[in-house]
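Data first, discussion second: the structure below is written as structure tokens.
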Amino acid sequence: MQTMKVLVIGQGGREHALVWKLAQSDSVSQVFCAPGNAGTQSEATNVAISVSDIPQMVAFAKEESIRLAVVGPEVPLVAGMADALRAEGIAVFGPSKAAAELEGSKSFAKQMMWKANVPTAKSETFSNFEAAEAYLEEREEQPLVIKADGLAAGKGVLICDTKQEALDGIKSLMKIKEFGDAGKTVIIEEKLIGQEVSILAIVSGSTIIPLETSQDHKAAHDGDKGPNTGGMGAYSPAPLVTDALMDEIIEKILVPMVNVMKIEDRPFNGVLYAGLMITNQGPKVLEFNVRFGDPEAQPVLMRLKTDLAQLLLAAAEERLDEIEPLEWDERPTVCVVMASEGYPGDYEKGRVIRGLGEAAELADTKVFHAGTTTKDGQVVTDGGRVLGVTAIGDSISDAKLKAYQAVKCIRWDGAWCRKDISDKAR
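Quick note on numbering: this note's numbering labels position 28 of the sequence shown as 170, and the sequence is numbered without any gaps.
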């Protein structure tokens with residue numbers, strides 16, 4: 143088998159999980175990660191190129207004869223990273239700039255859902271503060287969700303139980319500009335009631351291969367309390383998604399979206415991630431993302447037995463229909479995110495992390511690095527979400543126990559995590 147060099151673009155927990163899994167492939171001779179973190183450097187060669195530096199990334203990929211580039215985060219995808227690499231003949235796993243608008247603009251995603259007749263919350267879009275304010279003033283008191291239209295690192299969603307909270311929400315997004323230009327346009331939508339699940343599917347051409355299900359925990363604190371975050375932990379599978387429900391999700395959500403994107407001349411290649419609310423009326427879309435979820439990638443990829451490099455290369459080269467059915471470890475996985483004091487608000491960087499070696503010795507456990515770097519030979523914090531401590535077990539509760547045993551080994555000043563990741567699965 144001819145071996146290949148692979149480039150993973152990004153520096154979070156998702157990218158560490160991708161690097162770890164890709165490095166296990168017999169078809170991969172070398173993995174690069176740009177810019178990477180303290181975890182990826184032990185399993186790949188880190189390259190000091192920013193995810194926003196498209197020309198330098200393309201030049202590096204050409205220089206190193208990269209066969210497959212895997213773009214991890216949404217920001218470079220929305221900026222056109224995949225197009226620039228493809229233009230130089232490099233196989234890329236990740237959507238074009240045109241297709242990535244599904245995540246880059248929530249109002250665009252809503253338009254596509256309406257065209258595809260995909261079930262979602264009723265909503266209105268506003269680019270004018272006074273118009274949004276007047277709309278809210280005229281409405282009956284009811285729970286609403288306010289969303290920044292653009293990218294806000296998973297945090298531009300405000301759950302508002304009262305009219306006053308909604309008015310404060312549009313002010314923080316549109317006037318105070320809490321998330322910068324991402325909040326110039328806002329979507330005001332009805333609050334859906336139910337349980338959330340994350341459905342990730344590998345898409346190329348008309349071929350859609352759903353991955354195993356997972357459930358993310360967006361709220362900062364136990365019991366789903368506190369502000370929204372980029373995700374405080376996840377587990378896989380989500381027992382809530384039965385085979386019958388999965389068939390409904392594929393038929394009513396994934397297939398229509400892939401078809402409408404093709405009709406709109408924005409064919410999708412990469413991971414189509416549907417964040418769903420399972421309501422009494424069936425599954426409804428909360429949001430679409432255009433890449434592996436973080437932290438969902440960690441527990442999902444830990445269960446994948448199929449060669450990830452061959453799967454992603456087949457998708458990148460539009461031969462996904464040739465791939466055999468995916469193989470999975472039947473055992474469930476749980477990922478617990480350890481975060482910096484202050485997250486999702488302001489936090490300090492550079493705090494020394496201890497106990498990583500101790501945690502690494504535990505069976506069935508992998509500590510994925512997210513916001514870390516090295517300084518003077520030590521691993522230090524470099525982000526809000528610092529680690530994704532992930533374990534596999536014979537049951538959800540067994541995996542949870544193993545994950546939290548590893549969490550107990552690790553410490554730094556101000557470290558914290560939720561204590562109830564996966565409890566909804568019971």
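Where a beta carbon is used, it is the ideal one built from N, C-alpha and C, also for glycine. A quick note: this is a predicted structure, and the numbers were derived from the prediction, not measured.
Could you name the residues that DSSP lists as bridge partners for residue 431?
415
Per DSSP, which residues does residue 378 bridge with? Please list them.
475
Three-state class that DSSP yields for residue 520 in the structure shown
strand
Could you work out which residue in 178, 195, 196 is closest to residue 189 when comparing CA atoms only?
178
Selection from 458, 176, 184, 146 that minimises the alpha carbon distance to residue 521:
184
Cβ neighbours of residue 332 in the same chain (closer than 6 Å, five flanking residues each side left out):
263, 264
Just verifying my parser: in three-state terms, what is the DSSP assignment at residue 539?
helix
Between the stretch 366–374 and the stretch 477–491, are three or more C-beta pairs nearer than 8 Å?
yes
Evaluate the contact criterion for the stretch 475–482 versus the stretch 434–453: three or more CB pairs, one atom per stretch, below 8 Å.
yes
Per DSSP, what kind of secondary structure is residue 220 in: helix, strand or coil?
helix
Using 8 Å for Cβ pairs, my map puts residue 413 next to residue 242. What's the rounded Cβ distance?
About 11 Å separates the two Cβ atoms, so there is no contact after all.
So residue 458 and residue 160 are in contact, right, with Cβ under 8 Å, and what is the actual spacing, rounded?
In fact, because the Cβ distance is near 14 Å, the residues do not count as touching under 8 Å.
Helix, strand or coil, according to DSSP, for residue 152 in the structure here?
strand
Below 8 Å CB to CB, which residues in the same chain sit around residue 225 once its five sequence neighbours on both sides are set aside?
238, 239
DSSP three-state label for residue 529, please.
strand
With DSSP as the reference, label residue 340 as helix, strand or coil.
strand
Are the beta-carbon atoms of residue 89 and residue 524 separated by less than 9 Å?
As shown, the chain starts at 143 and ends at 568. That puts residue 89 outside it, with no answer to give.
C-alpha gap between residue 312 and residue 293, whole angstroms
16 Å
Which residues does DSSP list as the beta-bridge partners of residue 302?
286
Exposure of residue 259, with buried meaning 16 or more beta-carbon neighbours within 10 Å
exposed
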